[in-house]
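Residue numbers (the working numbering): 30 to 253. Comments concern the structure below.
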Amino acid sequence: MGIKSNKQQGRIYVSPLSIQGEIIVLSGSPVQTYDKQLREYSPDRTLTPLVIVPKVSAFDEKTVFGEMELTGVEWFDGAPRDKSANRIVEGEYYSISDGSGGVPKYALTIRKNTPPEKPVEYFGIAIFTDPRTNREVRCERSVKSYAHLYDNKAYSLRLKGDSVMVTDPLRLADRSGYWDREIEPQLYTGTEPVDDEHAAYFWDILENGAYRPVTPDDPGIVCH
Numbered sequence: 030m031g032i033k034s035n036k037q038q039g040r041i042y043v044s045p046l047s048i049q050g051e052i053i054v055l056s057g058s059p060v061q062t063y064d065k066q067l068r069e070y071s072p073d074r075t076l077t078p079l080v081i082v083p084k085v086s087a088f089d090e091k092t093v094f095g096e097m098e099l100t101g102v103e104w105f106d107g108a109p110r111d112k113s114a115n116r117i118v119e120g121e122y123y124s125i126s127d128g129s130g131g132v133p134k135y136a137l138t139i140r141k142n143t144p145p146e147k148p149v150e151y152f153g154i155a156i157f158t159d160p161r162t163n164r165e166v167r168c169e170r171s172v173k174s175y176a177h178l179y180d181n182k183a184y185s186l187r188l189k190g191d192s193v194m195v196t197d198p199l200r201l202a203d204r205s206g207y208w209d210r211e212i213e214p215q216l217y218t219g220t221e222p223v224d225d226e227h228a229a230y231f232w233d234i235l236e237n238g239a240y241r242p243v244t245p246d247d248p249g250i251v252c253h
């Protein structure tokens with residue numbers, strides 16, 4: 030008959046796993062511009078899709094595990110809802126890579142343009158296995174997608190300068206026979222002025238019913 034030993038209980042402590050994750054843009058752009066007059070997007074995702082994929086790295090107080098191998102990714106159009114009501118599935122606007130064609134596995138290809146009035150945030154839940162416990166870990170990250178509205182009808186150009194000039198006949202002008210008047214252009218979008226670093230101005234002269242550029246040979250005109 031064997032000898033029985035007394036029972037001992039042991040506890041295993043697993044240090045917290047620190048996770049660093051982000052959504053990487055592989056191609057395309059999460060930011061678009063929509064031209065209201067032309068009704069065109071730039072870039073147009075039907076021609077240049079947006080391709081994104083999550084990247085996750087993990088470490089604890091003793092070990093750096095580096096980039097983790099994903100075992101799955103769940104994609105959502107907006108924040109994940111109950112019962113995965115807004116989970117993205119394969120279709121006309123979306124496809125999820127199986128790792129073929131040089132595209133990383135689980136990468137999401139988006140062929141849907143984002144309306145300027147409806148920005149969207151794409152959420153990805155990256156799934157990997159904790160190498161210390163062999164348990165599943167889920168990491169949620171997101172990327173925002175939006176479109177700028179370009180509407181040239183919203184722009185206006187105004188000239189700033191004195192509309193009335195008062196001259197003193199007793200004072201000699203800087204150049205005999207000439208009176209200087211300064212005119213400054215200002216571009217506006219709505220009621221907001223556009224900074225000079227984002228605008229360029231060109232002066233023309235209406236001559237004989239047609240416009241022509243101002244040249245250094247035009248007397249009395251100086252462009253700064």
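C-beta atoms are modelled at their ideal positions from N, C-alpha and C, and glycine is treated no differently.
#### Entry: A183 - DSSP class collapsed to helix/strand/coil
In this structure, A183 counts as helix in the three-state DSSP scheme.
### Task
With P214 as the anchor, note down where its beta strand (DSSP E) starts and where it stops.
First-last of the beta strand (DSSP E) with P214: E213 to T218.
### Complete beta strand (DSSP E) runs within the region 92 to 168 (minimum length 3 residues, chain order)
Counting whole runs of 3 or more residues, the region 92 to 168 contains the beta strand (DSSP E) stretches 93 to 96, 99 to 106, 123 to 125, 137 to 139 and 149 to 158.
### Message
Quick check on DSSP: helix, strand or coil for D209?
### Response
In this structure, D209 counts as coil in the three-state DSSP scheme.
### Query
Is it true that the region 148 to 164 meets the region 98 to 113, where meeting means three or more beta-carbon pairs spaced less than 8 Å apart?
Segments in contact, yes.
### Task
Report yes if the CB atom of Q61 is closer than 8 Å to the CB atom of S86, and no otherwise.
No, the Cβ-Cβ distance between Q61 and S86 is not below 8 Å.
### Task
Within the region 50 to 80, note down every full beta strand (DSSP E) run reaching 3 residues or more, in order along the chain.
60 to 64 and 69 to 71, all fully within the region 50 to 80.
### Query
Taking C-alpha atoms, which residue in E213, E90, S44 and P145 lies nearest to T162?
Out of E213, E90, S44 and P145, the CA that lies nearest to the CA of T162 is found in S44.
### Query
Less than 8 Å separating the beta-carbons of L178 and Y70?
Not closer than 8 Å, so no.
### DSSP three-state assignment for D246, whether helix, strand or coil
Collapsing the DSSP output to three states places D246 in coil.
### Task
Alpha carbon to alpha carbon, how far is G107 from G238? Give it in angstroms, no decimals.
Computed Cα separation, rounded: 57 Å.
#### Entry: Inter-stretch contact (C-beta, 8 Å, three-pair minimum) for the region 114 to 133 and the region 181 to 189
With the cut-off at 8 Å, the region 114 to 133 and the region 181 to 189 do not touch.
### Message
One question on the structure: do R170 and P83 come within less than 8 Å of each other, judged by their Cβ atoms?
### Response
Judged by their CB atoms, R170 and P83 are nearer to each other than the 8 Å cut-off.
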